[in-house]
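Encoded as structure tokens, the structure appears first; notes follow it.
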Amino acid sequence: MGNLAAALDSETAVLSRSVSNEIERYRYLPAIVARDSRLQDTLRHPIPAKIQALNEYLRGVGNDSGADEVYVLNSVGVTIAASNYSEAGSFVGQNYQFRPYFSDAMKYGSGRFYGVGVTTGMPGYFLSSVVRDSGRNMGVVAVKIDLLGIEQAWEKDSTNTALADSDGIIFLSGYPPWRYSPLFELNTDTLAQIDSVRKYDGKSVAMKAPVLTGSHRSVTALDRVEIPGKGAFMMRSRSINPDGWRLWSGSSLSPVWSTAALSSLSATLAGLLVWGAGLYMHQRRQLVRTRLMQGQVLEQRVVERTAELNREIEERRRTELELRTTQDSLIQSAKLAALGRMSTAIVHEVSQPLAAMENTLAAAGKLTDRGDTSGTSLKVRQARDLVKRIQQIVKTLKSFARNEAGTMEDVDVEAATASALELIQPRIRTDGVMLRFEGLPEPAIVRGNSIRLQQVVLNLAANAVDALKGREDPMLEVWIEQGSSEISIFVRDNGTGMEQSVKERVAEPFFTTKVTGDGLGLGLSISRAMIADVGGRLEFTSVSGEGSTFAIHLPKPIAPTRYQAAL
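Numbering-wise (full-length UniProt numbering), the sequence shown opens with residue 1 and increments by one.
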């Protein structure tokens, strides 16, 4: 029984990873397609020529990515273009406003949903992302993924496998009679909610009996359960996030009991029938041969499973490379967006020394006309100081905006923090915010990337200044602390703080509480990823009405850095 449980746990882990890997291949596809200007242009002006061009583009995306369908819905949920536009079951003209993946994308920026297609009758997993134009939600890009290939592979496996949604309804199974059956008894509220979004349209979920009778829905492992029509099984499960799915695998207990009965009978015959030694030895040889054959079968299965895992690992590596490229692009976009948001204050910061230099040079000209060379020399030196100030501002902006690959280097934490605060100083002065910055008595060096650390600090400081709007005594505090194993940067404001519902989702991609047009909601998500890339973590606390504190924790290097070795 112990060996069977261990094998079943291992099998369940492998199967759950294969499902997650299949979905992750397409996770970022809707967001990438939604950024294409052709979608925004067609949603603004849905004329036939533009719609036809968009249809062809979506069909190409579907063919290249392997997605089942790719389609675009306007702001009221009507499909205006689709990769299957020329097929009999085309989505074009259909209204999917009732589907959660549409409403979630319009409300939160993205959505996901598994259900049976109301147009084609074919099930699939739907991923979606909002299409924005000048800060306005224009529509939604949706991608449908066909998971039936996974189910077909399960049907060939001896393990009884089923994948259930967060409501406990099986939607994929290697055992066809379980399909669209509830694991446990469903209440009327759950059934009503499923019907409202037409999740399993036409599948009569309410009419099917539960697969696991007499068990509580919180159970995740069963050593022995009676399944109607199949007998006694050992069941194991594993959760698949973020959808709240649970994958169940079961193995029949009949072979286990049969083997135990055979061994007992052999021992009894050996003790009672001495004269049957020849027969016993024959049975023994048969048993050995059987075990050898089972070992060969198991070995072949291990080889096949290893090859399959290697393929999945290679696919994941390729996906991670694509995601890394996308993340680098988003990081650069976020930097340029941050500079754009501060452009007014930066222009003002440069204009002041330019105006002062103009007045200084005019005064120098008058002194020259009078023959006062000593006064002229003083004014020229003052003008040179103003030019150096402008050069420093431009140098800082150019360094920050540089598109670099995030290479690892020795980073002076205080210097990087100070550079980020220098970039936002014009906006701080414009908004009347009081800034307090406290560094360390000696340099604190970590391994990382200076520009990306500046970007994270700048993003946190900019968010803090946004939160201080309307405060009578706006205060932004930044300080650095050095612990035994890490160095921490703290950014605190006395702004409005965050409600509990906002705190739970603040780090999700495309989630934002700002006025439409002020950001894509990628700042904290990208910041957390950049800090995690160097082994650190980004944490925060917030009290509604009192303010928020964000903390960047960076690990100290184990070996001495080049900077420390030079001391």
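Idealized CB from N, CA, C, for every residue including glycine.
Where residue i sits in the DSSP three-state scheme
| i | result |
| --- | --- |
| residue 426 | helix |
| residue 126 | strand |
| residue 503 | helix |
| residue 102 | helix |
| residue 476 | strand |
| residue 312 | helix |
| residue 443 | coil |
| residue 24 | helix |
| residue 435 | strand |
| residue 50 | helix |
| residue 137 | strand |
| residue 73 | strand |
| residue 144 | strand |
| residue 282 | helix |
| residue 544 | coil |
| residue 57 | helix |
| residue 408 | coil |
| residue 549 | strand |
| residue 536 | coil |
| residue 149 | helix |
| residue 16 | helix |
| residue 119 | coil |
| residue 496 | coil |
| residue 466 | helix |
Beta-carbon proximity of residue i to residue j, cut-off 8 angstroms
| i | j | result |
| --- | --- | --- |
| residue 39 | residue 54 | yes |
| residue 378 | residue 424 | no |
| residue 26 | residue 145 | yes |
| residue 553 | residue 501 | no |
| residue 242 | residue 141 | no |
| residue 76 | residue 143 | no |
| residue 130 | residue 106 | yes |
| residue 163 | residue 245 | yes |
| residue 464 | residue 495 | yes |
| residue 210 | residue 171 | no |
| residue 8 | residue 234 | yes |
| residue 407 | residue 478 | no |
| residue 285 | residue 21 | no |
| residue 468 | residue 433 | yes |
| residue 555 | residue 450 | no |
| residue 120 | residue 89 | yes |
| residue 531 | residue 524 | no |
| residue 238 | residue 13 | yes |
The ligand SAM heavy atom lying under 7 angstroms from the CB of residue i
| i | result |
| --- | --- |
| residue 551 | Of the ligands one can find in the structure shown there are none, so the ligand SAM has no counterpart to examine. |
Beta-carbon contacts of residue i that lie in its chain and below 7 angstroms, excluding the five residues immediately before and after
| i | result |
| --- | --- |
| residue 498 | 506, 542, 544 and 548 |
| residue 68 | 124, 144, 145 and 146 |
| residue 375 | 367 |
| residue 34 | 129, 130, 131 and 141 |
Per-residue burial, residue i [other beta carbons within 10 Å of its own, 16 or more giving buried]
| i | result |
| --- | --- |
| residue 188 | exposed |
| residue 138 | buried |
| residue 19 | buried |
| residue 91 | buried |
| residue 414 | buried |
| residue 263 | Note that residue 263 scores a pLDDT of 49, beneath 50, so its modelled location is shaky; the value from the coordinates is reported in the next line. Exposed is the call here. |
| residue 437 | exposed |
| residue 466 | buried |
| residue 440 | exposed |
| residue 49 | exposed |
| residue 99 | buried |
| residue 176 | exposed |
| residue 294 | exposed |
| residue 288 | exposed |
| residue 251 | buried |
| residue 462 | buried |
Cβ separation of residue i and residue j, assumed to be a contact under 8 angstroms, to the nearest whole Å
| i | j | result |
| --- | --- | --- |
| residue 148 | residue 168 | Not a contact, Cβ separation roughly 21 angstroms. |
| residue 115 | residue 151 | At roughly 15 angstroms, the Cβ-Cβ gap does not stay under 8 angstroms, so residue 115 and residue 151 are not in contact. |
| residue 61 | residue 86 | About 15 angstroms; that fails the 8 angstroms criterion. |
| residue 126 | residue 108 | The pair is not a contact, with the Cβ atoms about 15 angstroms apart (cut-off 8 angstroms). |
| residue 15 | residue 249 | 6 angstroms |
| residue 80 | residue 47 | That pair is no contact at about 11 angstroms. |
Proximal residues to residue i (C-beta, below 6 angstroms), its chain only, five neighbours per side dropped
| i | result |
| --- | --- |
| residue 198 | 118 |
| residue 475 | 434 and 494 |
| residue 447 | 408 and 557 |
| residue 481 | 488 |
| residue 5 | none |
CB contact below 8 angstroms: residue i versus chain C
| i | result |
| --- | --- |
| residue 541 | In the structure shown, chain C does not exist; there is a single protein chain. |
8 angstroms CB neighbourhood of residue i in its chain, flanking five on each side removed
| i | result |
| --- | --- |
| residue 240 | 16, 19, 20, 163, 246 and 247 |
| residue 258 | Note that residue 258 scores 47 on pLDDT, short of 50, meaning its location in the model is unreliable; the coordinates nonetheless yield the value given after this. Correct list: empty, nothing qualifies. |
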